[in-house]
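Peer 1: Order-wise, the sequence lines are chains A and B.
For the first sequence, our numbering gives the first residue as 1253, with consecutive numbering after it.
For the second sequence, our numbering gives the first residue as 1253, with consecutive numbering after it.
Where is the CB? At the ideal position from N, CA and C, for every residue including glycine.
Bear in mind the structure is a predicted one, so any value in this text is a computation, not a measurement.
Protein chains: 2
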Amino acid sequence: MTDNVVDVERAKPVTLGGQVYAELCDRLIGGELPPGEKVSLRSLAEALGTSVMPVREAVSRLVADGALTVSPNRAISVPIMTLSAYQELTTVRMAIEGFAAERAALHRTPSDLTLIRRYDAAFRHQCVTETRDTAVAMRANRDFHFAVYAAAGLPSLMKIISGLWLKIGPLLNFDMRFSPERLSLGGAEAHHGRCLEAIIARDGPAARAAMTGDIAGTAAFIATSGQLHD
Amino acid sequence: MTDNVVDVERAKPVTLGGQVYAELCDRLIGGELPPGEKVSLRSLAEALGTSVMPVREAVSRLVADGALTVSPNRAISVPIMTLSAYQELTTVRMAIEGFAAERAALHRTPSDLTLIRRYDAAFRHQCVTETRDTAVAMRANRDFHFAVYAAAGLPSLMKIISGLWLKIGPLLNFDMRFSPERLSLGGAEAHHGRCLEAIIARDGPAARAAMTGDIAGTAAFIATSGQLHD
DNA sequence: TCAGTCTAAGTGTGATCACAGAAAGCAGCA
DNA sequence: TGCTGCTTTCTGTGATCACACTTAGACTGA
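Now the structure itself:
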């Protein structure tokens, strides 16, 4: 989890394996690899123009993160989330990301605040515009969240949250492709707005409440999409 | 992080790389690899009787977890924690493990309770006995904590906590080797007792308070050992 | 005795080969 | 048409080799 794509600022990894890891992270949270998709080391290596070695290392890390699963048949695929697993992940996210938002409200610097404001405005713009680009909107949403988490000033917590988003990403983005009009159905704009205000006011509990509300909202949205079984 | 050693129950990994990963985790949290120790792929492979390939995969995962670091010189070593990094990790631990304890108090089953009781008794026994075995005591402490976290019923949270312990382990256990008599100085027994009682009484906030108190106590103990700089 | 150089061993990373096992495609029979 | 059995391809895993780079050490020179 040294250099997840979800990190706000990222440097191009020096090692080839690291680049493949970053590339796979991008595809994963971008919804290009839908849940259940099988992944082959050799075909991926050929597609990326490298040998299997860097792909092996990247996939190994992704499997360790839980972003990919290896079947008993040794087949690698994007995990198909069950309803209970998703609910569990949502519970964990509300606790951890809620805590991060609370810390952010108490420790944010002025530069943190301008960054958060910028991404909030970008997301809000995508919500009201007619020619809505889902990918851009999702990117703005991600940037907003991680700008908040970065303001908490806890790098190791950011890495943990990155790992959580890596698991949530495929489901979230793949669903969004099929129903982009429901982007703001969970009330994301409202939650973001309340979170931003709480951070401005240095009101920790309110920031936590807004963030957990946002997560619960998107979770409810996903639950109604019918992609989850079990 | 598929199969950390710190997990309470673990199955022997089928793949050779997984076995090496488990072995390295054991050495790491057991204090056999002190902070700053350099690690070589080939020598490790020879010591474990395998080729470099499985070691490479294991080390790659450990580096991704932050349990090992690779220098700009591409040298792999156990990271030397700075004081600020340790404080940050402690903050994160108090939030996450505190939440886990709170959840455990609310969701524990009778079988969870018997397990927690057993490990608490084992740790307490090591604290009062004359012929104290530090390694056994640390093992009991770890088992107690993870029995509590397992009772929270959130597997993904357990993996996250495992990752945190992987970073804390070397420092904690290596320090303990030099000052075993201070094992109970942080008031670990008292905190464990209060945590157990809170879990029995299904008192979430009390369980969280006891757990955060325990973590803060060991953190203060480490801070006085003088191993931390910067 | 000390500084400088130069060689040799060791480092991680990437590529290629070898191997056991699992799918998949396809022919042949009922 | 539908099922069985074989064969070919493809899978991940482990081992080995190649390469650029760093580092430790001995050796030479002053």
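For residue 1350 of chain B, I'd like the list of residues in its chain whose CB is within less than 6 Å of its CB, leaving aside the five on either flank, ordered along the chain.
Peer 2: As a working note, residue 1350 of chain B is residue 98 in the second sequence. The answer, listed in chain order, is 1460, 1463 and 1464.
Peer 1: Grab the span of the alpha helix (DSSP H) containing residue 1461 of chain B for me, first residue to last.
Peer 2: Working through the second sequence from its first residue, we reach residue 1461 of chain B at position 209. 1456–1475 is the span of the alpha helix (DSSP H), which, as asked, contains residue 1461 of chain B.
Peer 1: Considering only their Cβ atoms, is the gap separating residue 1357 of chain B from residue 1450 of chain B smaller than 8 Å?
Peer 2: For the purposes of this step, residue 1450 of chain B is taken as the residue at position 198 of the second sequence. For the purposes of this step, residue 1357 of chain B is taken as the residue at position 105 of the second sequence. Less than 8 Å separates the beta-carbon of residue 1450 of chain B from that of residue 1357 of chain B.
Peer 1: My assumption, with CB atoms under 8 Å, is that residue 1396 of chain A sits in contact with residue 1375 of chain A. Please give the rounded CB distance.
Peer 2: Counting from one through the first sequence, the residue named residue 1396 of chain A turns up at place 144. Counting from one through the first sequence, the residue named residue 1375 of chain A turns up at place 123. The Cβ separation is near 5 Å, so the contact holds.
Peer 1: Is it buried or exposed for residue 1419 of chain B, if we count other Cβ within 10 angstroms and need 16 for buried?
Peer 2: As a working mapping, residue 1419 of chain B is identified with position 167 in the second sequence. Buried: at least 16 other Cβ atoms inside 10 Å.
Peer 1: Is there a C-beta anywhere in chain A that falls below 8 Å from the one on residue 1279 of chain B?
Peer 2: Sequence index remark: in the second sequence, residue 1279 of chain B carries index 27 (1-based). No, no contact with chain A.
Peer 1: Is the Cβ-Cβ distance between residue 1470 of chain A and residue 1442 of chain A less than 8 Å?
Peer 2: Working through the first sequence from its first residue, we reach residue 1470 of chain A at position 218. Working through the first sequence from its first residue, we reach residue 1442 of chain A at position 190. Contact flag unset, no.
Peer 1: For residue 1302 of chain B, which three-state DSSP category applies?
Peer 2: For the purposes of this step, residue 1302 of chain B is identified with residue 50 of the second sequence, where counting begins at 1. Three-state DSSP puts residue 1302 of chain B in coil, outside helix and strand.
Peer 1: Could you please give the first and the last residue of the uninterrupted alpha helix (DSSP H) stretch that includes residue 1264 of chain B?
Peer 2: In the second sequence, the residue the question calls residue 1264 of chain B occupies position 12. Per DSSP, residue 1264 of chain B lies in no alpha helix (DSSP H) and is assigned neither H nor E.
Peer 1: Since I believe residue 1408 of chain B is in contact with residue 1341 of chain A (beta carbons under 8 Å), could you give me their beta-carbon distance rounded to a whole number of angstroms?
Peer 2: The count along the first sequence starts at 1 and reaches residue 1341 of chain A at position 89. The count along the second sequence starts at 1 and reaches residue 1408 of chain B at position 156. Right, the Cβ-Cβ distance comes to about 6 Å (below 8 Å), so this counts as a contact.
Peer 1: What are the residues of the region 1329–1359 of chain A that lie near chain B, defined by any Cβ-Cβ distance shorter than 7 Å?
Peer 2: 1340, 1341, 1343, 1344, 1347, 1348 and 1351
Peer 1: In chain order, what residues of the region 1391–1424 of chain B put their CB closer than 9 Å to some CB of chain A?
Peer 2: 1405, 1406, 1407, 1408, 1409, 1411, 1412, 1415, 1416 and 1419
Peer 1: So residue 1267 of chain A and residue 1481 of chain A are supposed to be a Cβ contact under 8 Å. How far apart are they, rounded?
Peer 2: What you label residue 1267 of chain A is simply residue 15 of the first sequence in a count that begins at 1. What you label residue 1481 of chain A is simply residue 229 of the first sequence in a count that begins at 1. Contact flag wrong, Cβ pair sits at about 38 Å.
Peer 1: Note down, in chain order, every chain B residue with its Cβ under 7 Å from the Cβ of residue 1313 of chain A.
Peer 2: As a working mapping, residue 1313 of chain A is identified with position 61 in the first sequence. Under the 7 Å cutoff, chain B gives 1312, 1313 and 1316.
Peer 1: Please report the straight-line C-alpha distance between residue 1346 of chain A and residue 1299 of chain B, rounded to a whole angstrom.
Peer 2: Start at 1 with the first residue of the first sequence, and residue 1346 of chain A comes out as number 94. Start at 1 with the first residue of the second sequence, and residue 1299 of chain B comes out as number 47. In a straight line, the C-alpha of residue 1346 of chain A is about 44 Å away from that of residue 1299 of chain B.
Peer 1: Can a CB atom of chain A be found closer than 8 Å to the CB of residue 1260 of chain B?
Peer 2: Looking up residue 1260 of chain B in the second sequence gives position 8. In this prediction, residue 1260 of chain B has a pLDDT of 38, which is less than 50 and means its spatial position is unreliable; nothing more can be read from the coordinates.
Peer 1: Three-state secondary structure (DSSP) at residue 1445 of chain B?
Peer 2: In the second sequence, the residue the question calls residue 1445 of chain B occupies position 193. DSSP places residue 1445 of chain B in helix when its eight states are reduced to three.
Peer 1: If distances are taken between C-alpha atoms only, which option among A:1386, A:1317 and A:1431 comes closest to residue 1474 of chain A?
Peer 2: The sequence position of residue 1474 of chain A within the first sequence is 222, counting from 1. If we check each option's Cα against that of residue 1474 of chain A, A:1431 comes out closest.
Peer 1: Express the C-alpha separation of residue 1271 of chain A and residue 1286 of chain A in angstroms, rounding to a whole number.
Peer 2: In the first sequence, residue 1286 of chain A corresponds to position 34, counting from 1. In the first sequence, residue 1271 of chain A corresponds to position 19, counting from 1. When rounded, the distance between both Cα atoms is 21 Å.
Peer 1: Closer than 7 Å by beta-carbon distance: list the chain A residues that pair up with residue 1298 of chain B, in chain order.
Peer 2: As a first step, residue 1298 of chain B must be located in the second sequence, where it is residue number 46. Residues of chain A passing the Cβ test: none, with the nearest at roughly 21 Å.
Peer 1: Using three-state DSSP, classify residue 1321 of chain B as helix, strand or coil.
Peer 2: Position 69 of the second sequence, counted from the first residue, corresponds to residue 1321 of chain B. Residue 1321 of chain B falls in the strand class under three-state DSSP.
Peer 1: Where do the N-terminal and C-terminal ends of the alpha helix (DSSP H) with residue 1268 of chain B fall, by residue?
Peer 2: On the second sequence, position 16 is the one that residue 1268 of chain B refers to. Taken as a continuous stretch (DSSP letters only), the alpha helix (DSSP H) holding residue 1268 of chain B covers 1268–1281.
Peer 1: Of all the CB atoms in chain B, is at least one closer than 8 Å to the CB of residue 1275 of chain A?
Peer 2: On the first sequence, residue 1275 of chain A is found 23 positions in, with the first residue counted as 1. No, its Cβ sits nowhere closer than 8 Å to a Cβ of chain B.
Peer 1: Under 7 Å between beta-carbons, which chain A residues line up against residue 1309 of chain B? List them in chain order, please.
Peer 2: Here residue 1309 of chain B corresponds to residue number 57 of the second sequence, with the count starting at 1. Simply 1312.
Peer 1: Compare the beta carbon distance of residue 1310 of chain A and residue 1365 of chain A with 8 Å and say whether it is the shorter of the two.
Peer 2: Here residue 1310 of chain A is taken as the residue at index 58 of the first sequence, counted from 1. Here residue 1365 of chain A is taken as the residue at index 113 of the first sequence, counted from 1. Going by C-beta atoms, residue 1310 of chain A is not nearer than 8 Å to residue 1365 of chain A.
Peer 1: On a CA-only basis, which of A:1360, A:1296 and A:1369 is nearest residue 1456 of chain A? Give me that one, please.
Peer 2: Here residue 1456 of chain A is taken as the residue at index 204 of the first sequence, counted from 1. Here the closest residue by C-alpha is A:1360.
Peer 1: Look at residue 1422 of chain B and residue 1296 of chain B and say whether their C-beta atoms are less than 8 Å apart.
Peer 2: Along the second sequence, read from residue 1 onward, the residue named residue 1422 of chain B stands at position 170. Along the second sequence, read from residue 1 onward, the residue named residue 1296 of chain B stands at position 44. In this structure, the beta-carbon distance from residue 1422 of chain B to residue 1296 of chain B does not fall below 8 Å.
Peer 1: Is residue 1336 of chain A helix, strand or coil when you go by DSSP?
Peer 2: Looking up residue 1336 of chain A in the first sequence gives position 84. Residue 1336 of chain A: helix per DSSP, three-state reduction.
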